[in-house]
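In UniProt numbering, the protein residues as written are 2 to 324. Step one of this worksheet: look at the structure below.
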Ligand code: SF4
Ligand code: MG
C-alpha cells in the first residue's frame, strides 16, 4: 500500500519552567527525531510507557500541536507549514479520538447538536442533509435516534466513547488518531469499541494511528507496531507476520510481559530501574540504565533505527549491520 502519512525526523521540545532567574532554559524532548510511515488503510500502533511521546506524536500528526522540527507529509504534501485556512479543509480528513470523550464533549449540549456542529463549521449540507448525516453516523456507531436529544452526562462510558467516535467520523475523515480510546473502559466494553473501530475502518477505508500503553490491545488492532521509549522510536514490527520476533531489549521486555495480566508482573520484568528524567535523558542509548545487555558503547553512542534482516526496524547496538 502507498503511504498516506510520512513522518521524518519529528521533534517536539517543551520548555521546562525555570527554577531561578539565572538558570539556563531547559527543554524536555517529548519527541526526539521520530520517523515512520503509515500506509493507506493500515493501522499503525504506537506503544510505550506513559510520557514516551506517543500522544504528542499523535497530536502533531493531526496538527493539534505544532512540531518543533521535522516533516509530516499527508498524501505526499508537507502539512507542517500550513496556515489556518489551508488546515481547515485538511481538518476534515485528519481526526482524533481521545481517552476521555467526556472532556471533549460539550456537557451543555445534546448529542445531536454536538455532532451537527462540525458540519455547520465546515459548511456541509443544509439542515435536513446535516440531520441525515448525524443520524446515519449515530447508527454506524450503534446508537439510535433517541440519543440525539440526550446529554453526555446521561450516557455510560462506552456510549460516550461511541459519541466520541461519531464526532470524529461525522466529517468523513481519511485518517484518525485513536489515543487510549478504550483505556478507561471495562474490558467487555473495550472489545466492543475495538471491534466497532475495526468495522468502521473496513467500511470507510480508514487509516488509523492507534495509541495505547496496553500492548495486548495494540497488537489486536494494529498491522505494524512502533515502540517508543523516551521520545524515540526503538523498534517497528509487522505484527501481521506471526514469525516476527521483537529484537530490541525494551520491546522484548514488553512482549514477554504479555501473558501475565497484572501490572505488577509487568513492572517486575521492565522496571529494573525507574524511568530516567526526560529533561536529562541518559547519554548514548537512552535505555542503557535499564538494559541487561548494555556495554560501554551503549553508554556513549546512541544507536540509529535501522532495517534488520528479519524485516523489523530496530535501534540497538546488538544488531549492528542488520543482523
Ligand atoms: Fe541495550 Fe545497548 Fe541495545 Fe541500548 S543499544 S538497548 S543499551 S544493548
Ligand atoms: Mg498519552
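Think of the CB as a built atom: it goes at the ideal place given N, C-alpha and C, for glycine as much as any other residue.
Item to complete: For the alpha helix (DSSP H) containing residue 133, list its first residue and its last residue.
Response: Residue 133 sits at position 132 when you count from the first residue of the chain shown. Note, residue 133: alpha helix (DSSP H), 128-141.
Worksheet item: Between the C-alpha atoms of residue 209 and residue 125, what's the straight-line distance to the nearest angstrom?
Response: Counted from its first residue, the chain shown places residue 209 at position 208. Counted from its first residue, the chain shown places residue 125 at position 124. Taking the straight line from one Cα to the other gives about 24 Å.
Fill in: CA-to-CA distance, residue 182 to residue 323, given in whole angstroms
Sequence index remark: in the chain shown, residue 323 carries index 322 (1-based). Sequence index remark: in the chain shown, residue 182 carries index 181 (1-based). Computed Cα separation, rounded: 35 Å.
Worksheet item: Under 7 Å from any heavy atom of the ligand SF4, does the C-beta of residue 205 make it?
Response: Against the chain shown, residue 205 aligns to sequence position 204. Because no heavy atom of the ligand SF4 lies under 7 Å away, the Cβ of residue 205 does not count as near it: no.
Practice prompt. Could you give the DSSP three-state label for residue 264: helix, strand or coil?
Written response: One-based indexing of the chain shown puts residue 264 at position 263. Residue confidence is low: residue 264 scores 45 on pLDDT, short of 50, so the model does not pin down where it sits. No coordinate-derived value is stated.
Discussion item. Looking at the strands, I want to know which residues DSSP matches up with residue 150.
Written reply: For this step, residue 150 is matched to residue 149 along the chain shown. In DSSP, residue 150 forms no bridge with anything.
Worksheet item: Per DSSP, residue 239 is paired with what?
Response: Looking up residue 239 in the chain shown gives position 238. Residue pairing for residue 239: DSSP places it in a beta bridge opposite 225.
Practice prompt. Tell me where the beta strand (DSSP E) around residue 166 begins and ends.
Written response: Stepping through the chain shown from its first residue, residue 166 is reached at position 165. First-last for residue 166: 158-170, but that is the alpha helix (DSSP H), not the beta strand (DSSP E).
Item to complete: May I ask you to report which of helix, strand or coil DSSP gives residue 300?
Response: If you number the chain shown from 1, residue 300 lands on position 299. Looking at residue 300 - three-state DSSP - the assignment turns out to be helix.
Discussion item. Could you check whether residue 176 and residue 94 sit closer than 8 Å to each other, using their CB atoms as the reference points?
Written reply: Counted from its first residue, the chain shown places residue 94 at position 93. Counted from its first residue, the chain shown places residue 176 at position 175. The answer is yes: Cβ separation under 8 Å.
Worksheet item: For residue 211, which residues of its own chain have a beta-carbon under 6 Å away from its beta-carbon, when the five flanking residues on both sides are left out?
Response: Here residue 211 corresponds to residue number 210 of the chain shown, with the count starting at 1. Cβ within range, chain order: 44, 46, 179, 222, 223.
Practice prompt. Consult DSSP for residue 209 and reduce its assignment to one of helix, strand or coil.
Written response: One-based indexing of the chain shown puts residue 209 at position 208. It is a strand residue.
Worksheet item: Using 8 Å as the threshold, is the region 286-294 in touch with the region 222-241, meaning 3 or more CB pairs across them?
Response: yes
Worksheet item: Quick one: any contact between the region 77-86 and the region 137-146, if contact means 3 or more CB pairs under 8 Å?
Response: no
Practice prompt. Helix, strand or coil for residue 329, going by three-state DSSP, please let me know.
Written response: This structure gives no information on residue 329, because the portion of the chain shown stretches from 2 to 324.
Worksheet item: Once you ignore the five residues that flank residue 27 on each side, which residues in its own chain have a CB closer than 6 Å to its CB?
Response: Counting from 1 along the chain shown, the entry for residue 27 is found at position 26. The beta carbon of residue 27 lies closer than 6 Å to those of 17, 280 in the same chain, with the five residues before and after it left out.
Practice prompt. Could you give the DSSP three-state label for residue 219: helix, strand or coil?
Written response: Mapped onto the chain shown, residue 219 falls at position 218. Residue 219 falls in the helix class under three-state DSSP.
Worksheet item: Does the distance from the CB of residue 165 to the CB of residue 98 come in under 8 Å?
Response: In the chain shown, residue 165 corresponds to position 164, counting from 1. In the chain shown, residue 98 corresponds to position 97, counting from 1. In this structure, residue 98 lies closer than 8 Å to residue 165 by Cβ.
Discussion item. Using a Cβ-Cβ cutoff of less than 8 Å, which residues in the same chain neighbour residue 61 once the five nearest sequence positions on both sides are dropped?
Written reply: Locating residue 61 in the chain shown gives position 60, where the first residue counts as 1. Closer than 8 Å at the Cβ level, and outside the excluded window around residue 61, lie 11, 13, 32, 67, 68, 73.
Practice prompt. Return the chain-ordered list of same chain residues with a C-beta closer than 8 Å to the C-beta of residue 268, the five sequence neighbours on each side being excluded.
Written response: Here residue 268 refers to the residue found at position 267 when the chain shown is read from its first residue. With a pLDDT of 44 at residue 268, under the threshold of 50, the modelled position of this residue cannot be trusted, and the question is left open.
Discussion item. What does the alpha-carbon distance come out to for the pair residue 293 and residue 250?
Written reply: Taking the first residue of the chain shown as position 1, residue 293 is located at position 292. Taking the first residue of the chain shown as position 1, residue 250 is located at position 249. So the two alpha carbons sit approximately 8 Å from each other.
Discussion item. Taking the beta strand (DSSP E) that residue 103 belongs to, which residues open and close that run?
Written reply: Translated into the one-based positions of the chain shown, residue 103 becomes position 102. Here residue 103 belongs to no beta strand (DSSP E); instead the alpha helix (DSSP H) covers 102-105.
Worksheet item: Relative to the C-alpha of residue 41, which residue among 30, 174, 295, 238 is closest?
Response: Looking up residue 41 in the chain shown gives position 40. Of the candidates 30, 174, 295, 238, the one whose C-alpha sits nearest the C-alpha of residue 41 is 174.
Item to complete: Report the rounded CA-to-CA distance for residue 106 versus residue 87, giving the unit in angstroms.
Response: Numbered from its first residue, the chain shown carries residue 106 at position 105. Numbered from its first residue, the chain shown carries residue 87 at position 86. Residue 106 and residue 87: Cα-Cα distance of roughly 25 Å.
Discussion item. So that I know if they touch, is there some Cβ in chain B lying closer than 8 Å to that of residue 197?
Written reply: Among the chains of the structure shown, chain B does not appear; only one protein chain is present.
Fill in: N- and C-terminal bounds of the alpha helix (DSSP H) containing residue 250
Mapped onto the chain shown, residue 250 falls at position 249. Run containing residue 250: 250-257, per the alpha helix (DSSP H) assignment.
Worksheet item: Beta-carbon separation of residue 1 and residue 48 under 8 Å?
Response: The chain is shown from 2 up to 324; residue 1 falls before or after that span and cannot be answered.
Item to complete: Thinking residue 119 and residue 172 are a contact (beta carbons under 8 Å), I'd like their distance in whole angstroms, please.
Response: Locating residue 119 in the chain shown gives position 118, counting from the first residue. Locating residue 172 in the chain shown gives position 171, counting from the first residue. The Cβ separation is near 6 Å, so the contact holds.
Practice prompt. Give the secondary structure of residue 314 by DSSP, where H, G and I count as helix, E and B as strand, and everything else as coil.
Written response: Here residue 314 corresponds to residue number 313 of the chain shown, with the count starting at 1. Of the three classes helix, strand and coil, the one that applies to residue 314 here is strand, per DSSP.
Discussion item. What I want to know is whether the C-beta of residue 154 ends up closer than 7 Å to one or more non-hydrogen atoms of the ligand SF4.
Written reply: The residue given as residue 154 occupies position 153 in the chain shown. No, the Cβ of residue 154 stays beyond 7 Å of every heavy atom of the ligand SF4.
Practice prompt. State the DSSP-derived secondary structure class of residue 324, mapped to helix, strand or coil.
Written response: Taking the chain shown and counting its residues from 1, one reaches residue 324 at position 323. Residue state, collapsed to three classes: coil.
Worksheet item: Which residues mark the beginning and the end of the alpha helix (DSSP H) in which residue 57 is found?
Response: On the chain shown, position 56 is the one that residue 57 refers to. Residue 57: member of the alpha helix (DSSP H) spanning 55-62, first to last residue.
Practice prompt. Could you round the C-beta distance between residue 151 and residue 111 to whole angstroms and report it? I think they count as a contact, below 8 Å.
Written response: The sequence position of residue 151 within the chain shown is 150, counting from 1. The sequence position of residue 111 within the chain shown is 110, counting from 1. Confirmed, about 6 Å.
Item to complete: Tell me whether residue 295 counts as near the ligand SF4, meaning its Cβ is closer than 7 Å to at least one heavy atom of that ligand.
Response: Position 294 of the chain shown holds residue 295. Residue 295: yes, Cβ under 7 Å from the ligand SF4.
Worksheet item: Would the C-beta of residue 256 count as close to the ligand SF4, meaning under 7 Å from any of its heavy atoms?
Response: In the chain shown, counting from the first residue as 1, residue 256 sits at position 255. Relative to the non-hydrogen atoms of the ligand SF4, the Cβ of residue 256 never comes closer than 7 Å to any of them.
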